[in-house]
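For reference, the structure is listed below as structure tokens.
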């Protein structure tokens, strides 16, 4: 019955927190069923699922005849749905999950698959992978006309390698339209897309004046579809670069001294330790290693707010520190100042070097491309392919010009031959049952993580590091395993390569471990021995009683906006609480910064996906309430920019007051249920208007 309530949209999944399920477990199935049926009949969404369920429970207990009621409603068809297998995305395949659909007589799983496109393939894995493209998380943007698209852009092929694999073009004007639909401040240089059965990356490039605004290569074509909306997965933007265990292992094997990594980690930890006491250090950390999530805190610091007197700023800085310390401990994720994470593109440039030590060149015609790594079209083999068998279809590349990280020989090892394994084909087209069979097989065949962990162990044990023969064999197996979702070829790891002991830094507590004497072990123990539980697991540092109130942010005229501000804050806080409850996040500042340390323990890839999901959810929530904030209605006529800014300052002050003023704090406390432990005050609502509050603060400081 709960699924039926969710399907109808009465409850949002983010509202179903631990308290909600505790309430369900505390009552018998009959009462829960009656309560959920009653809620299912509602016409509008409910924003506090737990409170509403408790109210309905209490009402039914007072009206037992209603609770008993008839034993079935229309044969209980709401809960007796028959779900059939639909398809799965690549991420779902790794998580051993899939989409199922309950046929309603009009729409069926088969009709949805037909609507998705035409998938003609004799390999179940490849067919399933192409169907999975339809389930990528995308942003629908602009609809294109048929005459505006060139579907026949030629690929650059040499030595059996496609140098332009997965890369197309978009004209600046269409790129600007897409950017506006995405509400981005700065138009990106490239977008990762899904469009009418095509997938890949499109780079902004001047058109030829022939009316073509979008050019797609043959290597981007995956299946036939009539959809004409340009869907965006991601786009180029500033992304900080970090080392990790894999990069350190490879650089160490290439001769980079251990002292380089040790010094870089010490410098990073030193800055994190000073983040609360040195404004310049805090600003450096936020602007160089936190991407856009650090913008609010950086703006507050620039305006003169101090973490010693502003609790929300302090909480955000503590979350950044805790998250980065935990990543150092679990991943050796060391920040590199001279670095860039960038999307790869092909360019009409000369060869820029060999293997993975590359030499940049200045090409004026490429100056408009930002946050991109442009590879040459020349050479025996694409540099992207040499780097772990990558391509240009949305892969991110870690680029560093830090001299100490360049191997002393100025060269890399001979790259592995990443030719994909031959796919298993059958004499007939793939059926739906073939895809189901492949999905079931993949649940027991997925072993990329096991192979990569074995590589870490053998590299740590061997004096040759990643150059050890066993590591090279495991690298070859990993290349096969990564391609399993596309080829259906399973990588079989020999018993001789399976580790019997694990280094301490891997924290495999269920297995026998040993003290690693290599650089990864030393880096790990330096953080483990110095860190405390509170430094790795932040919580809100304030209660309702000790929140300081900044009178500098009071503006005459704000009183007209207080009532509406309070209503908006109550709705906003309920959404934040639901998000925190659903993902079991301890501190509000974790949600706001995206620097999350309190997620339930799971593998690093899964944690990364959860963090990205939370960041997107909060970004959407913040965007929605930023629009509410900016919506000011004039009493008559149009407002000048100066008049609008003045009204928005009044409104920002009102939002601050309903969040921080002791009287409003007390009112917020009174809304809490008496039998529920005190929840730390929610402060982020005010800082949706951080730019206006910063402006008010700077005016007062003058």
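Numbering (the working numbering), first residue to last: 356 to 1057. Every residue, glycine too, gets a C-beta built ideally from N, C-alpha and C.
Contact between residue 520 and residue 574 holds: their C-beta atoms lie close to 5 Å from each other, under 8 Å. The residue from 933, 871, 819 with its alpha-carbon nearest to that of residue 606 is 819. The continuous stretches of alpha helix (DSSP H) do not include residue 556, which lies in the beta strand (DSSP E) extending over residues 553-559. The distance from the Cβ of residue 769 to that of residue 712 is about 13 Å, inconsistent with a contact at the 8 Å cut-off. Remark: C-beta atoms of residue 600 and residue 687 approach each other more closely than 9 Å. By alpha-carbon distance to residue 696, the top candidate from 648, 644, 752 is 752. The beta carbon of residue 763 is closer than 7 Å to those of 610 in its chain, skipping five residues each way along the sequence.
A residue is called buried when at least 16 other Cβ atoms come within 10 angstroms of its Cβ; residue 376 does not meet this threshold and is exposed.
Within a 10 Å sphere around the beta-carbon of residue 1053 sit fewer than 16 other beta-carbons, which makes this residue exposed. In the displayed model, residue 892 falls within coil according to three-state DSSP, outside both helix and strand.
DSSP places residue 716 in the coil class of the three-state scheme, outside both helix and strand. Membership of residue 481 in the alpha helix (DSSP H) is indicated by the continuous run 479-487. The continuous alpha helix (DSSP H) containing residue 882 extends over residues 874-885. Residue 406 sits in a helix when the DSSP states are folded into three classes. For residue 826, the secondary structure class from DSSP, reduced to helix, strand or coil, is helix. Taking a cut-off of 8 Å for Cβ pairs, the region 823-831 and the region 783-798 do not touch, as fewer than three such pairs fall below it.
Looking at the DSSP output, residue 524 shares a beta bridge with 558, 570.
With respect to the 9 Å criterion, residue 781 and residue 477 are classified as neighbours on the basis of their beta carbons. As DSSP reads the structure, residue 699 sits in a beta bridge with 728.
Cβ contact annotation for residue 404 (same chain, cutoff 7 Å, sequence separation greater than five): 366, 370, 371, 375, in chain order. In the three-state scheme derived from DSSP, where H, G and I count as helix and E and B as strand, residue 618 is classed as helix. The residue from 726, 700, 765, 774 with its alpha-carbon nearest to that of residue 747 is 700. Only residues of its own chain outside the window of five on either side were considered, and among them 472, 473, 474, 485, 552 have a CB closer than 7 Å to the CB of residue 578, listed in chain order. By the C-beta criterion, the region 642-658 is judged to be in contact with the region 939-955, since at least 3 inter-stretch pairs fall below 8 Å. Counted as a single uninterrupted DSSP element, the stretch harbouring residue 496 is not any alpha helix (DSSP H) but the beta strand (DSSP E) occupying residues 494-498. When DSSP states are grouped into helix, strand and coil, residue 547 belongs to the strand group. DSSP, read as helix, strand or coil, puts residue 1054 in helix.
Taking the C-beta atoms as reference points, residue 655 is found nearer than 9 Å to residue 1045.
DSSP places residue 603 in the uninterrupted alpha helix (DSSP H) bounded by 600-608. In this structure, DSSP gives residue 590 an extended state, which the three-state scheme calls strand. Cβ neighbours of residue 765 within its own chain (closer than 7 Å, five residues either side excluded): 712. Going by C-alpha positions, residue 465 is about 17 Å away from residue 479. Between the beta-carbon of residue 1005 and that of residue 915 there is about 7 Å, and that keeps the pair under the 8 Å contact cut. Rounded to the nearest angstrom, the Cβ distance from residue 522 to residue 572 is 7 Å, consistent with a contact under 8 Å. The continuous beta strand (DSSP E) containing residue 438 extends over residues 438-442.
Assignment of beta strand (DSSP E) within the region 745-809, counting only whole runs of 3 or more residues, yields 751-755 in chain order.
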